[in-house]
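Participant:
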Amino acid sequence: MATTATISIASDIMGGFGGISKTMTLTEAGGTGDLRETTGYSRKKLVAATATNLFTMAHSAVTSADTTTGAKVFIKNIGNGATPSVIAKDKGVVVRVSAVEVGKLYGGDWMMIPVSTVDGEDIEVIPETDDAVVLEYVMFYQ
Amino acid sequence: MATTTAAVTLSSDLLSGSLSVTGTTTLMKAGTTADGLNQMRMGRNEIPTGTSFDLLDATAAGIDKANKVYISNESTDTSYYVIIIIDAKVIGRLYGGDWMFLPWNMDDATHDLELTSYVGTNTIEWVKFHENETLTTQGD
């Protein structure tokens, strides 16, 4: 039961940059066994510039409250969720880990990072404006 | 306009129904709709254990500018890892063979992105796509 993630980056900023293509298999910490737990793929519509938890590590669904475990989080800003979704490249959603800002996901942007699943190390998001924005997200953990 | 795209494919058979997610984004300057990131830095570093190192230094000029960062742990031993730290906060562990991609926003000039290596010397490859960086004046 494997989970894989492949990234491909292309850029014309610098002439000699040949791009990046890399695949990883999501495995348990320090080993080769596959990650076997997930929060499931989720979707949340935000309509106010207030903080919302995407992942609450103390939640009973996240049972591996330990710094030594492996966990990966994927978050994607898909726009306002209308049909078709309007993607505002100039409006961002701040992503924070335990109240520390990691970065802003603008319309269409995505991120994938390793996280701790220690209780209290929650992942929260704060839209920059009250305009509707929809995030899709999933966490895999052990 | 400089054009940089980052695409991802996430696939899993962990659930009874398979999961397949894709995404592609063009990396833009902060708050713009048609102005792509136009600067980049990249490197490969061997990170010894025992000390935390700044991989990327936050600067006053970079506050609230757009940055996208790719980091890959090229260590072949999957027990090796680096801890990723932003503004003194541990984000997570990047093990040998893993990569990460994040928007890194400096909300102040101390918002450094740091690494600490564990188990052994880790080899890291990284690229930062960004805007608004000027070279340091000679003698500073």
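Residue numbers (the numbering used here), protein chains in the order written: chain C, 730 to 871; chain B, 61 to 200.
Cβ atoms here follow ideal geometry from the backbone N, Cα and C, with glycine treated the same way.
These figures come from a predicted structure and were not determined experimentally.
1. Go to C/Ile875, then tell me how far its beta strand (DSSP E) extends in each direction, as first and last residue.
2. Residues in the region 110-131 of chain B with C-beta within 9 Å of chain C's C-beta atoms, listed in sequence order?
3. Compute the distance between the beta-carbons of B/Thr183 and B/Ser112, then report whether it is under 9 Å.
4. Taking the CB atoms as reference points, tell me whether B/Thr64 and C/Ile738 lie closer together than 9 Å.
5. Quick check: the region 72-86 of chain B against the region 851-859 of chain C, are at least 3 beta-carbon pairs closer than 8 Å?
6. Between C/Asp848 and chain B, is the shortest Cβ-Cβ distance under 9 Å, so that the two count as touching?
7. If the cut-off is 9 Å on Cβ atoms, which residues from the region 175-189 of chain B count as contacting chain C, listed in chain order?
8. Taking the continuous beta strand (DSSP E) assigned at B/Val187, which residues delimit it?
9. Given a cut-off of 9 Å on the beta-carbon distance, is the pair B/His190 and B/Gly122 in contact?
10. Report, in whole angstroms, the separation of the C-beta atoms of B/Trp164 and B/Tyr130, which I expect to be a contact under 8 Å.
11. Where does C/Gly832 sit, in a helix, a strand or coil, going by DSSP?
12. Quick one: Cα of B/Lys128 to Cα of C/Lys833, how far?
13. Which whole-angstrom value describes the C-beta separation of C/Asp859 and C/Ala734, a residue pair presumed to lie in contact below a C-beta threshold of 8 Å?
14. Count the other CB atoms within 10 Å of the CB of C/Gln871; is the residue buried (16 or more) or exposed (fewer)?
15. Going by DSSP, what residues sit across from B/Glu106 in a beta bridge?
16. For B/Gly157, does the count of other Cβ atoms within 10 angstroms reach 16, so buried, or fall short, so exposed?
17. How big is the Cα-Cα spacing for B/Thr119 and B/Asp168?
18. Below 8 Å, how does it come out for the region 831-846 of chain C and the region 763-778 of chain C: are there three or more Cβ pairs, yes or no?
19. Going by DSSP, what residues sit across from C/Ile749 in a beta bridge?
20. According to DSSP, is B/Gly122 part of a helix, a strand, or is it coil?
21. Within 10 Å of its beta-carbon, does B/Ala66 have 16 or more other beta-carbons around it, so buried, or fewer, so exposed?
22. Would you please state the rounded distance, in angstroms, between the beta carbons of C/Tyr770 and B/Leu79? I believe it to be under 8 Å.
23. In this structure, how does DSSP classify C/Glu850 when only helix, strand and coil are distinguished?
24. Starting from the beta carbon of C/Arg765, find every residue of chain B whose beta carbon is closer than 8 Å, and list them in chain order.
25. Between C/Met868 and chain B, is the shortest Cβ-Cβ distance under 9 Å, so that the two count as touching?
26. In the structure shown, what three-state DSSP assignment does B/Asn98 receive?
Facilitator: The answer reads as follows:
1. This structure leaves residue 875 of chain C out entirely; chain C is present only between 730 and 871.
2. The residues in question are Asp124, Ala126, Asn127, Lys128, Val129 and Tyr130.
3. Counting from one through the second sequence, the residue named residue 183 of chain B turns up at place 123. Counting from one through the second sequence, the residue named residue 112 of chain B turns up at place 52. When the beta-carbon positions are compared, B/Thr183 and B/Ser112 stay at least 9 Å from each other.
4. For the purposes of this step, residue 64 of chain B is identified with residue 4 of the second sequence, where counting begins at 1. For the purposes of this step, residue 738 of chain C is identified with residue 9 of the first sequence, where counting begins at 1. C/Ile738 is positioned such that its CB atom lies closer than 9 Å to that of B/Thr64.
5. With the cut-off at 8 Å, the region 851-859 of chain C and the region 72-86 of chain B do not touch.
6. Mapped onto the first sequence, residue 848 of chain C falls at position 119. False, the Cβ-Cβ gap to chain B never drops below 9 Å.
7. Answer in chain order: Val179, Glu185, Val187 and Phe189.
8. For this step, residue 187 of chain B is matched to residue 127 along the second sequence. Per DSSP, B/Val187 is one residue of the beta strand (DSSP E) stretching across Asn182 to His190.
9. Numbered from its first residue, the second sequence carries residue 190 of chain B at position 130. Numbered from its first residue, the second sequence carries residue 122 of chain B at position 62. For B/His190 and B/Gly122, yes; Cβs fall inside 9 Å.
10. Taking the second sequence and counting its residues from 1, one reaches residue 164 of chain B at position 104. Taking the second sequence and counting its residues from 1, one reaches residue 130 of chain B at position 70. Contact doesn't hold; Cβ gap of about 10 Å is too wide.
11. What you label residue 832 of chain C is simply residue 103 of the first sequence in a count that begins at 1. Strand.
12. For the purposes of this step, residue 128 of chain B is taken as the residue at position 68 of the second sequence. For the purposes of this step, residue 833 of chain C is taken as the residue at position 104 of the first sequence. Taking C-alpha positions only, B/Lys128 is separated from C/Lys833 by approximately 10 Å.
13. The residue you call residue 859 of chain C lines up with position 130 of the first sequence. The residue you call residue 734 of chain C lines up with position 5 of the first sequence. Not really, about 32 Å apart at Cβ, beyond 8 Å.
14. Taking the first residue of the first sequence as 1, we reach residue 871 of chain C at position 142. C/Gln871 should be labelled buried.
15. For the purposes of this step, residue 106 of chain B is taken as the residue at position 46 of the second sequence. According to DSSP, B/Glu106 bridges with B/Thr183.
16. For this step, residue 157 of chain B is matched to residue 97 along the second sequence. So B/Gly157 counts as buried.
17. Counting from one through the second sequence, the residue named residue 119 of chain B turns up at place 59. Counting from one through the second sequence, the residue named residue 168 of chain B turns up at place 108. Going from the Cα of B/Thr119 to the Cα of B/Asp168 covers about 8 Å.
18. Between the region 831-846 of chain C and the region 763-778 of chain C, the count of C-beta pairs closer than 8 Å stays below three; the two stretches do not touch.
19. Counting from one through the first sequence, the residue named residue 749 of chain C turns up at place 20. C/Ile749 is bridged to C/Ile738.
20. Taking the first residue of the second sequence as position 1, residue 122 of chain B is located at position 62. Helix.
21. As a first step, residue 66 of chain B is located in the second sequence; it is residue number 6 there, counting from the start. Counting the other CB atoms within 10 Å of its CB gives B/Ala66 a total of 16 or more, which places it among the buried residues.
22. Locating residue 770 of chain C in the first sequence gives position 41, counting from the first residue. Locating residue 79 of chain B in the second sequence gives position 19, counting from the first residue. Taking a contact as a CB-CB distance under 8 Å, the pair C/Tyr770 and B/Leu79 counts as one, their CB atoms being some 6 Å apart.
23. Numbered from its first residue, the first sequence carries residue 850 of chain C at position 121. Residue state, collapsed to three classes: coil.
24. Here residue 765 of chain C corresponds to residue number 36 of the first sequence, with the count starting at 1. What C/Arg765 touches in chain B: Leu74.
25. Within the first sequence, numbered from 1, the residue matching residue 868 of chain C stands at position 139. No, no contact with chain B.
26. Sequence index remark: in the second sequence, residue 98 of chain B carries index 38 (1-based). In the three-state reduction of the DSSP assignment, B/Asn98 falls in the coil class.
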